[in-house]
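There are 2 protein chains.
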Amino acid sequence: MAKLSDMIENFIKQMLEENDNNYIIIQRNELANYFRCAPSQINYVLETRFTYERGYYIESKRGGGGYVRIFKAGVDEDHYLSQMLSRKMGDSMGQQVAYAYIDGLLEQNILDEKTHNILKNIVSDKTLNIQLPLRDEVRANIVKSIFLTLIKFCHE
Amino acid sequence: MAKLSDMIENFIKQMLEENDNNYIIIQRNELANYFRCAPSQINYVLETRFTYERGYYIESKRGGGGYVRIFKAGVDEDHYLSQMLSRKMGDSMGQQVAYAYIDGLLEQNILDEKTHNILKNIVSDKTLNIQLPLRDEVRANIVKSIFLTLIKFCHE
DNA sequence: TAAAATTGAAAGTCAAAGAAAGTCAAAGGC
DNA sequence: GCCTTTGACTTTCTTTGACTTTCAATTTTA
């Protein structure tokens, strides 16, 4: 019965949707209290679901008056794609990171669900079943190729 | 007494029939418990009876809140896809052959132009820049994975 | 009274425990 | 001899809790 993380994820996403800004501010302990879970559970959700690759950015402050601020990347498709490409995408990429990038494309409404699914399966370890240094290199190439193709489509 | 595997197979098929969606979600351990068998028995049934050649697609997640999701293709309306699926694609595939398969998906209106483009770039020699016996094997896997995933989405 | 220490209120870190599912090889039945 | 069945072991994902760090406000102290 471990849907807690999913519930928290959806809760945060809904807050982001309903908000006029591209960010929300939460109190970690308050949210943990609301869901009756350990505060670190919130960190877990943020670390696994609201990553840079998925188009999110987290900022926080400790101590009195502390907070956690969650940003969601903007809606300019072209900009989003080239940002992702130019920053951080290395020559080697693990399965989870690749998944995150592709999830981000769905969340930004750049891909529909069908394509999203196809691409995730393509970059899975199961499909890319070759030796490990190579596998992650091919995967990085594939993900980059996806972003490149999408950028081309922006300019048509 | 019918074999256990057959009983489990029928049970799952019935669940699929009675469901409005083209998929069902089960807990592996729960089902194993229901049939009083080892959990891995469920895997055996899935591997031998719910293969993609027969028009099924399996998706699963481990850990807390884990599940197994079984999709059934709507075979009737999708002549093309089910034909391709039951036909064996080789374990190795050159660029041109892969292109042909992906072009076919566009012609059958199974893919839109954007996705079609992304996929063709993925299976290109340029993206898959590894040594040659391996390259064609990975490419074959990718193309198969595409068709496999499409099963999920071919219900009216 | 200004710097320094104290305190309490956040958030962060990390590792262990728990909860599924996957793998694989050996044993059992026809 | 090939399907089935089982069970031990592995891997992945989630949840929890104890401990740490940071910050601001307040209180002490020179």
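Protein sequences appear in the order of chains L and S. Heads up, my numbering is the position in the first sequence plus 12, with the first residue counted as 1. Heads up, my numbering is the position in the second sequence plus 12, with the first residue counted as 1. Idealized CB from N, CA, C, for every residue including glycine. From a predicted model like this one, the values you see are computed outputs, not experimental measurements.
| message | Let's test the definition: count the other Cβ atoms within 10 Å of the Cβ of L/K15 and tell me whether it reaches 16, buried, or not, exposed. | response | The count along the first sequence starts at 1 and reaches residue 15 of chain L at position 3. That one is exposed.
| task | Closer than 9 Å, Cβ to Cβ, to anything on chain L: give me those residues from the region 52-70 of chain S, in chain order. | result | none
| field | DSSP three-state assignment for L/R81, whether helix, strand or coil | value | Numbered from 1 along the first sequence, position 69 holds the residue referred to as residue 81 of chain L. L/R81: strand per DSSP, three-state reduction.
| task | Name the residue from S/F83, S/M19, S/Q108 whose alpha carbon lies nearest to the alpha carbon of S/L162. | result | Your numbering for residue 162 of chain S matches position 150 in the second sequence. The residue with the shortest Cα to Cα distance from S/L162 is S/F83.
| CB-CB length for S/I180 against L/S157, believed under 8 Å | Since the first and last residues shown for chain S are 13 and 168, residue 180 of chain S lies out of range.
| What is the residue span of the beta strand (DSSP E) that L/Y69 lies within? | Numbered from its first residue, the first sequence carries residue 69 of chain L at position 57. Its beta strand (DSSP E) spans residues 68-73.
| Cα-Cα, which of L/Q143, L/Q108, L/V87, L/A152 is closest to L/N121? | Reading the first sequence from its first residue, position 109 is the one you call residue 121 of chain L. Per the Cα distances, L/V87.
| What residues of chain L sit near S/F83, judged by a beta carbon separation below 7 Å? | Here residue 83 of chain S corresponds to residue number 71 of the second sequence, with the count starting at 1. The premise fails here: S/F83 is roughly 11 Å from chain L at the closest Cβ pair, so nothing lies under 7 Å.
| query | What separation, rounded to the nearest whole angstrom, lies between the Cα atoms of S/K138 and L/V150? | reply | As a working mapping, residue 138 of chain S is identified with position 126 in the second sequence. As a working mapping, residue 150 of chain L is identified with position 138 in the first sequence. Roughly 11 Å separates the two Cα atoms.
| field | Residue environment, L/N31, which counts as buried when at least 16 other CB atoms sit within 10 Å | value | Taking the first sequence and counting its residues from 1, one reaches residue 31 of chain L at position 19. With fewer than 16 other Cβ atoms within 10 Å, it is exposed.
| field | Residue(s) in a DSSP beta bridge with S/Y35 | value | The residue labelled residue 35 of chain S in the question sits at position 23 within the second sequence. Answer is S/F83.
| said: For S/K100, count the other beta carbons within 10 Å of its own beta carbon; 16 or more makes it buried, fewer makes it exposed. Which is it? | reply: Taking the first residue of the second sequence as 1, we reach residue 100 of chain S at position 88. Exposed, since its Cβ has fewer than 16 Cβ neighbours within 10 Å.
| said: Please tell me whether L/S157 has its Cβ less than 8 Å away from any Cβ of chain S. | reply: In the first sequence, residue 157 of chain L corresponds to position 145, counting from 1. For L/S157, the answer is yes, since a Cβ of chain S falls inside 8 Å of its Cβ.
| task | Anything in chain S within Cβ reach of L/V150, meaning under 7 Å, just list it in chain order. | result | Numbered from its first residue, the first sequence carries residue 150 of chain L at position 138. Chain S residues near L/V150: L140, I142, V150.
| message | Can you tell me whether S/K138 is helix, strand or coil according to DSSP? | response | Sequence index remark: in the second sequence, residue 138 of chain S carries index 126 (1-based). If DSSP states are grouped into helix, strand and coil, S/K138 belongs with coil.
| said: Going by beta-carbon coordinates alone, are L/K126 and S/F159 separated by less than 8 Å? | reply: Sequence index remark: in the first sequence, residue 126 of chain L carries index 114 (1-based). Sequence index remark: in the second sequence, residue 159 of chain S carries index 147 (1-based). No.
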